[in-house]
Each structure stands twice: as structure tokens, then as C-alpha cells.
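Enquirer: My numbering numbers the first residue of the sequence shown as 7 and each following residue consecutively. Here a beta-carbon is modelled for each residue, glycine too, at the ideal position from N, C-alpha and C. Starting off with a structure, shown below.
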Amino acid sequence: MFHWLKSPKTRCGCTAARWPGTTSQVVRDYQETTPVTIDRHKTLQILVNLLENAKHACAESGREGKQIAVRTRNTGQGRVELLVIDNGIGIPPENLGRIFQQAFSTRKGGHGFGLHSSILAAQDMGASLTARSEGPGKGATFLLAIPILPGEKDANVPMISPIDRLANH
Ligand SMILES: Nc1ncnc2c1ncn2[C@@H]1O[C@H](COP(=O)(O)OP(=O)(O)OP(=O)(O)O)[C@@H](O)[C@H]1O
Ligand SMILES: [Mg+2]
7 MFHWLKSPKT RCGCTAARWP GTTSQVVRDY QETTPVTIDR HKTLQILVNL LENAKHACAE
67 SGREGKQIAV RTRNTGQGRV ELLVIDNGIG IPPENLGRIF QQAFSTRKGG HGFGLHSSIL
127 AAQDMGASLT ARSEGPGKGA TFLLAIPILP GEKDANVPMI SPIDRLANH
């Protein structure tokens, strides 16, 4: 899964690079995962929204060592996961239950569409999108969990792009 996220250099490795135009460092930690069939466009839409939010959260924190990590991994529980983790401003507990609502935004210039459209896209794919934060100043983690289809083994096997899989059917 997420074969198309990887460049040859990052495949199965962990790399870090500065996000151009920002002071955030992006860490890419892509573990091999079981192939799953997912909608590439929707997944990218979700990823872009999560990265945009993480970028803003880091910028607003004003902290040193701003970092955004993107991880893929097998859970061993019948699903694969994509995580976007930042060490930005964090989310107060009272907002955690509201951030996926349409038009909920705390950001100047924000519209509150990104997470709402992302959770709808995840649900369309039979996936889930959840958020965690220890609170203000403690960063945030967003988790896209995609179920492995029945009959597929939840084990480390070579990655196949979802698009390749669709093309082979
Ligand atoms: N990584 C994050 N760290 C802290 N707060 C976040 C993070 N991601 C989302 N939020 C909170 O959730 C709210 C909703 O996010 P969402 O992406 O839906 O809207 P937005 O970013 O404010 O505006 P836009 O419509 O441009 O995406 C944000 O305004 C912010 O309060
Ligand atoms: Mg947003």
C-alpha cells in the first residue's frame, strides 16, 4: 500500500527533509504493508488535508524543532494505517469531538472543510479517520485506518500499488 507515496530512496526507509517554504521537518517512515485496494484520489485528498493542518499547527506553535511525521504500518489486526503526527499547537480536549464537524475551525482564515471532507472520504472507502492529542502544546496525531479485505493476509508482503491491483482485475 501507498507504493505511490514512496520515491525509490524512501522505500522502506525513514528519511527526513525540510518542507520547502516552512521551518517544519517532514519525517517519512514507511513500513511495508499488506496491499489493500483503496481510492488513490480520496487517500491523497485526505493526506493533503492532514499535512496542511499539521503545517499550520506547527507554524502556529512557534516552537523550535517543528516536525511532521508520516508513517505507514500494518496493525496486525486486519488493517493498515497511515498516520500524520505533528508536534504543533495540539488540540484541547473540548475540541477533539468537534474538529470533524463541517465548518468547525479555530484557525484564522480556516473554513473547517478539510477534516469534514476527509472523514467523509475515509468513510466512503470503508476506512476510519481519528484524531488524538494530549492537549494544547502537545501536538496531534491523525490516523487513517484501512481494513484489509477479507481473504487477504495481514502480513508483510511486497507492496502493490492500489492502481496496479485494480488494473490487474
Ligand atoms: N494538526 C492539527 N493540530 C491542531 N489542531 C488541528 C489540527 N488539525 C486540525 N485541527 C483543528 O481542527 C480544525 C478543523 O480542521 P479543518 O482542516 O477541518 O479546517 P481548517 O484547517 O480550520 O480550515 P480548512 O477548511 O482550510 O481546512 C482546525 O481549525 C483546528 O482547530
Ligand atoms: Mg484544514
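(1) Nearest CA to the CA of THR21: which residue from THR28, ILE97, GLY27, TYR36?
(2) Have a look at the DSSP bridge pairing and note the partners of ILE91.
(3) Taking only runs of the alpha helix (DSSP H) that begin and end inside the region 30-64, which ones reach a length of at least 4 residues, in chain order?
(4) Can you give me the Cβ contacts of ARG113 inside the same chain, cut-off strictly under 7 Å, excluding the 5 residues immediately before and after it?
(5) Can you tell which of SER134, ILE74, GLU70 has the C-alpha that lies nearest to the C-alpha of ALA23?
(6) How is ILE125 classed by DSSP in three states: helix, strand or coil?
(7) Quick one: give me the first and last residue of the beta strand (DSSP E) that LEU135 is part of.
(8) Does ligand 2 have even one heavy atom less than 7 Å from the beta-carbon of GLU58?
(9) Nearest to SER30 by CA position, among THR49, GLU66, VAL42, is which residue?
(10) Go ahead and pull the three-state DSSP assignment for PRO153.
(11) Measure the alpha-carbon distance for ARG171 versus THR43 and round it to whole angstroms.
Expert: Short version:
(1) In the sequence shown, the residue the question calls residue 21 occupies position 15. It is TYR36 whose Cα lies nearest to the Cα of THR21.
(2) Locating residue 91 in the sequence shown gives position 85, where the first residue counts as 1. In the DSSP secondary-structure assignment, ILE91 is bridged to ALA75, THR147.
(3) none
(4) Here residue 113 corresponds to residue number 107 of the sequence shown, with the count starting at 1. HIS62.
(5) Taking the first residue of the sequence shown as position 1, residue 23 is located at position 17. Looking at the Cα atoms, ILE74 is the closest of the given residues.
(6) Here residue 125 is taken as the residue at index 119 of the sequence shown, counted from 1. When secondary structure is reduced to three states using DSSP, ILE125 falls in the helix class.
(7) Working through the sequence shown from its first residue, we reach residue 135 at position 129. Its beta strand (DSSP E) spans residues 134-138.
(8) Here the question's residue 58 lines up with position 52 in the sequence shown. Result yes, Cβ under 7 Å from ligand 2.
(9) Here residue 30 refers to the residue found at position 24 of the sequence shown. The candidate whose alpha carbon is nearest that of SER30 is GLU66.
(10) By 1-based counting over the sequence shown, the position of residue 153 is 147. It is a strand residue.
(11) To locate residue 171, count along the sequence shown from 1; it is residue 165. To locate residue 43, count along the sequence shown from 1; it is residue 37. Because ARG171 sits at a pLDDT of 39, beneath the cut-off of 50, its placement in the model cannot be relied upon, and the point is left open.
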